[in-house]
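K.L.:
There are 2 protein chains.
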Amino acid sequence: MRIAQIAPLSEAVPPKFYGGTERVVSWITEELVRQGHDVTLFASGDSETSAKLAACTPEGLRLLGYRDHTASHLAMLHQIRRRAHEFDVLHFHIDLLQYPMFEDLNHKCLTTMHGRLDVPDFMPVYRTFTGMPLVSISDHQRLPMPKNANWLSTIHHGLPKENCPFYPEAKGGYLAFLGRISPEKRPDRAIEMAKRSGVPLKIAAKVDKADQDYWDEVIEPMIHHPLIEYIGEINEEQKKDFLGNALALAFPIDWPEPFGLVMIEAMSAGTPVIAFRNGSVPEVIADGVSGVVVDTLDEAVEAVHRVKTMSRAGVRRHFESGFTAEKMVHKYVSAYETLLASDGNVIQLPAAAAFAPQYGDLNGSSRPSLTAAAMPA
Amino acid sequence: MRIAQIAPLSEAVPPKFYGGTERVVSWITEELVRQGHDVTLFASGDSETSAKLAACTPEGLRLLGYRDHTASHLAMLHQIRRRAHEFDVLHFHIDLLQYPMFEDLNHKCLTTMHGRLDVPDFMPVYRTFTGMPLVSISDHQRLPMPKNANWLSTIHHGLPKENCPFYPEAKGGYLAFLGRISPEKRPDRAIEMAKRSGVPLKIAAKVDKADQDYWDEVIEPMIHHPLIEYIGEINEEQKKDFLGNALALAFPIDWPEPFGLVMIEAMSAGTPVIAFRNGSVPEVIADGVSGVVVDTLDEAVEAVHRVKTMSRAGVRRHFESGFTAEKMVHKYVSAYETLLASDGNVIQLPAAAAFAPQYGDLNGSSRPSLTAAAMPA
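The listed protein sequences correspond, in order, to chains A and B. Per this note's numbering, residue 1 is the first one in the first sequence, and the count goes up by one each step. Per this note's numbering, residue 1001 is the first one in the second sequence, and the count goes up by one each step.
1. According to DSSP, is A/Ala170 helix, strand or coil?
2. Around the Cβ of A/Asn106, are there at least 16 other Cβ atoms within 10 angstroms (buried) or fewer (exposed)?
3. Counting only beta-carbon separations shorter than 8 Å, does B/Ala1075 have a partner in chain A?
4. Under the assumption that B/Ile1181 contacts B/Ala1205 (Cβ atoms under 8 Å), give the Cβ distance between them as a whole number of angstroms.
5. For B/Pro1133 and B/Lys1331, I'd like the C-alpha separation in whole angstroms.
6. Anyone know if the C-beta pair for B/Leu1077 and B/His1091 falls short of 8 Å?
7. Nearest by alpha-carbon distance to A/Asp68: which of B/Pro1124, B/Thr1324 and B/Asp1104 is it?
8. Helix, strand or coil: how does DSSP classify B/Ile1028 here?
9. Any beta carbon from chain B within less than 8 Å of A/Arg83's own beta carbon?
10. I'd like to know whether the C-beta of B/Ser1365 is nearer than 8 Å to at least one C-beta of chain A.
11. Would you grab the beta carbon distance between B/Ile1442 and B/Ile1231 for me? Rounded to a whole angstrom, and I think it's under 8 Å.
12. If you drop the 5 nearest sequence neighbours on each side, which residues of the same chain put their C-beta closer than 6 Å to that of B/Glu1184?
13. Name the one or two DSSP bridge partners that B/Phe1276 has.
14. Going along chain B, which residues have a C-beta under 8 Å from A/Arg67?
15. Spatial neighbours of A/Glu220 within its chain, please: C-beta separation below 8 Å, excluding the five flanking residues on both sides.
16. Please work out which residues of its chain come closer than 8 Å, Cβ to Cβ, to B/Val1089, disregarding the five sequence neighbours upstream and downstream, and give them in chain order.
17. So which residues of chain B does A/Met101 contact, with C-beta pairs closer than 8 Å?
18. Could you check whether the Cβ of A/Ser72 sits closer than 8 Å to any Cβ belonging to chain B?
19. So, is the C-beta of B/Ala1353 closer than 8 Å to a C-beta in chain A?
20. Beta carbons nearer than 7 Å to chain B: which residues of the stretch 25 to 52 of chain A have them?
21. If B/Gly1314 and B/Thr1271 are in contact, beta carbons under 8 Å, what's the gap, nearest whole angstrom?
22. Would you say A/Glu283 and A/Asp139 are within 8 Å of each other, going by their C-beta atoms?
23. Within 10 angstroms of its Cβ, does A/Ser280 collect 16 or more other Cβ (buried), or is it exposed?
24. Quick check on DSSP: helix, strand or coil for B/Lys1209?
25. Less than 8 Å between the CB atoms is what I'm expecting for A/Ala250 and A/Ala176, so what's the real figure, rounded?
26. Spatial neighbours of B/Asp1343 within its chain, please: C-beta separation below 6 Å, excluding the five flanking residues on both sides.
27. Could you give the residue range of the beta strand (DSSP E) that holds A/Arg316?
28. For the stretch 1107 to 1137 of chain B, enumerate the residues whose C-beta is nearer than 9 Å to any C-beta of chain A, in chain order.
29. How would you list, in chain order, the residues of chain B whose beta-carbon sits under 8 Å from the beta-carbon of A/His78?
30. In this structure, how does DSSP classify B/Ser1072 when only helix, strand and coil are distinguished?
31. Comparing the CB of B/Asp1038 with every heavy atom of the ligand SAH, is any distance shorter than 7 Å?
32. Determine the DSSP secondary structure at B/Lys1052, reduced to helix, strand or coil.
33. A/Glu257 and A/Asn278: beta carbons closer than 8 Å?
34. Can you check which of these residues, A/Tyr99, A/Asp104, A/Glu233 and A/Arg62, is closest to A/His85 by C-alpha distance?
35. To the nearest angstrom, how far is it from the Cα of A/Glu188 to the Cα of A/Met267?
36. Measuring alpha carbon to alpha carbon, tell me which residue in A/Arg82, A/Arg62 and A/Lys327 is nearest A/Ala54.
Written out as structure tokens, the structure is:
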């Protein structure tokens, strides 16, 4: 198939620093090429790919110092629009700007939704341009969306098999916390899990500017304890050992995480995940097999002991059964075929419907009102 | 003529608080209606107009708490696109998003550029969508733009005649500084002008969050002086007296201001303007008639004495000759006619060419590089 992958221009593909979307776009692109497709990657000029690279800006816009990224994306879309006839499928990974410009090409377009969808600011586009075929990265992610959204599929993210290699033994015997120090990631809960279970915790996480107060006032005072070790930010290479030697990944999130790559990175290493029931968590973890899904801190502490008896090979098998890049790309190719066969009118039953009653509980009154975003007729 | 005025959705038209663009859109709209045109205003639902209001969001997006305004504007443009056949002319006052969506309707579209155009972030759109007919709000504003920009006209802003009524005498005898406290507005220079000339200065200005440090560290320590009075933010009603009773408006800017509404507000009141040569300044002030254009602080101090002999009636006449809303709208209607007669291919000789050598001097090495924004072919 002749496929255009359309990446955000903020970072290179793969990203030189942080950039979850750009990492996933890179994995999809490389695996599509490996599976024999003719792929063109529209991305920043410092991207690296085995596909054909259509450089749409010399470097990632963040490195160029651009604060407003709209114009560069509009110019990229203009280029793609002119070349649209060269492709069977146009696969977008950017947020919003493609909806109006490709409305008449919806039969060969799809957009993967990489972020949370309960932000009222974005709702006017979802309500207006209902024809764009969409892929969610978890069923749960779909819940806030309008009922007539044109869902093509849910496709969980997948990781190249050897990115986080399998570690048969948890040599370190610690709980691992990996990511950002921020209130919605709840590192405080991870610290409590360690203190109450008596199992050490290693925290490998960066502190963004926006979260400096939270670090200073809440987390930093909690880490002066013999069981807690804060090791700062780590790179991709260090991540392998960090996850592979852990007894379990602590994933005590308190927000509707649309996917959560670190869960499958841990599972790839054979490390079970102890995660709070939020967002994609119940879809990604096979409860009792690749980790434990908990609702309370008590359950999380209990789970720390329970994972000691869990088979790391079983965890890895769960990863391989559904969360490799190869599996992800098979699903995308099926989705492309469904799209082309349906001429764009794909509206599949929202699998997320089953989650609806739960959603209110999860977010309660803190969920931003969606109705405020409604446009007058 | 059947005219669509397309306003930003961030604030109501006219704005309830700050919002230069929304004020100008309101003046254009009301005057077009007064001159007998059939006008539809696309704007937020809390806008007030004698035109037909097409409400595109219940309230201004800032009041709704939206941080990302892209989706609401895309939805508005979608609505306009569907109704485009109802209008002879579509007049945009929003930044970028209309370029791709209206490319095939350029023959009946124009965009007024309200901001500075030397921001590299936006250049990819100006380089890509070269067909959009453009109106600059000063000749100087055009300088950073690509040579093949499709300029329709320069139309200086105009003010309703009675907004800032004529004050025949400068009863207060003070210098007025009106606007924001920020480094590019150079209130420090205004303070120096007062101290060195011995003429009192009144500062009516707000301090935005972004400028709090500048206020605390630079300006606040300078205002403890018998000649300097800081009176904070003032409303439209207070502005009449504040400008009307002033000996002169101090406009000591240090950035390429694309227009500078406060200059014509002062001139409307009969108050001459002492302004540093930057951006639109030499186009707006008739040097020696409605104010003095200066290059140095010494010249500015000298000008404080010079304006005492200037005829306030003469200042008002200069305002009336070129900067009323009525004059502005006559020019817009001519521009609409030029547009329709030319079928969109208007590229008029850039009047700004005469300024080109000066531009480098004005901005020196601090001007952001424009070439960095170039897209690879």
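Here a beta-carbon is modelled for each residue, glycine too, at the ideal position from N, C-alpha and C.
P.N.:
The structure says:
1. coil
2. buried
3. yes
4. 5 Å
5. 15 Å
6. no
7. B/Pro1124
8. helix
9. no
10. Any reading at B/Ser1365 needs caution, since the residue's pLDDT is 33, under 50, leaving its predicted position unreliable; the model's value is listed next. Chain A contact via Cβ: absent.
11. The requested residue 1442 of chain B does not occur in the structure, where chain B is confined to residues 1001 to 1377.
12. Asp1254 and Trp1255
13. B/Val1294
14. Asp1121
15. none
16. Met1001, Arg1002, Ile1003, Ala1004, Lys1108, Cys1109, Leu1110, Tyr1336, Leu1339 and Leu1340
17. Pro1100 and Met1101
18. yes
19. The predicted model places B/Ala1353 with a pLDDT of 44, which falls under 50 and marks its position as unreliable; any figure quoted below should be read in that light. It does not: the Cβ of B/Ala1353 has no partner Cβ on chain A nearer than 8 Å.
20. Gly45
21. The Cβ separation is near 12 Å, so there is no contact.
22. yes
23. buried
24. helix
25. 7 Å
26. His1107
27. Looking at the DSSP string, A/Arg316 is not in any beta strand (DSSP E); the run it does join, the alpha helix (DSSP H), is Arg312 to Gly322.
28. Val1119, Pro1120, Asp1121, Phe1122, Met1123, Pro1124, Val1125, Tyr1126, Arg1127, Thr1128 and Phe1129
29. Pro1100, Thr1128 and Phe1129
30. helix
31. With respect to the ligand SAH, the structure shown offers nothing to examine, as it has no ligands at all.
32. strand
33. yes
34. A/Asp104
35. The residue asked about is misnamed: residue 188 of chain A is Asp in this sequence, not Glu. So the alpha carbons of these two residues sit roughly 23 Å apart.
36. A/Arg82
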